[in-house]
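Here is the structure we will look at.
Residue numbers (the working numbering): 11 to 171.
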């Protein structure tokens, strides 16, 4: 988007398309978008996918075995599964919305209730706040790793049976 806008400015397109009867100031060029290292996020997502697949397989094996969980084990498994959602919360909240704690989705700053996924990263990109993007790549990666840890605990519980 930045490259496209800057190219249009270089080609004088905004001036050529302007209404000559109105006062018009063409936009200025934006600084190029820097390269971001999404390795942490990609690794966390891959780990989460592996954990989810392991949980699905452990659950299938457990059901196929004909075994059942005790009341205590059932409560333990439910607590683990509930914790996965809570793991995605960050006490400090989101940038410019400290009251909204979830790091995976949030209502957008300017979209009312329209949801934004990975809001710390996405809105950082939209606002051209590069430091925020870098910070929230790390924050979201940690949250996804935490969810994978919880799922791995559930796998262990089902596999111990």
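Idealized CB from N, CA, C, for every residue including glycine.
Which term fits residue 53, buried or exposed, when burial requires 16 or more other beta carbons within 10 angstroms of its beta carbon? exposed
For residue 169, which residues of its own chain have a beta-carbon under 7 Å away from its beta-carbon, when the five flanking residues on both sides are left out? Cβ within range, chain order: 68.
Taking C-alpha atoms, which residue in 64, 20, 32, 18 lies nearest to residue 158? 64
List the residues that DSSP assigns as beta-bridge partners of residue 127. In the DSSP output, where bridge partners are listed per residue, residue 127 has 115.
Host alpha helix (DSSP H) of residue 94 (start-end): 81-97
7 Å CB neighbourhood of residue 112 in its chain, flanking five on each side removed: Within the same chain, residue 112 has close Cβ partners 98, 99.
Can you tell me the Cα-Cα spacing of residue 79 and residue 91, whole angstroms? Answer to the nearest angstrom: the Cα atoms are 15 Å apart.
Have a look at the DSSP bridge pairing and note the partners of residue 107. 104
Spatial neighbours of residue 115 within its chain, please: C-beta separation below 6 Å, excluding the five flanking residues on both sides. 125, 127
Whole alpha helix (DSSP H) runs in the segment 13-85 with 4 or more residues, listed along the chain? 23-26, 49-75
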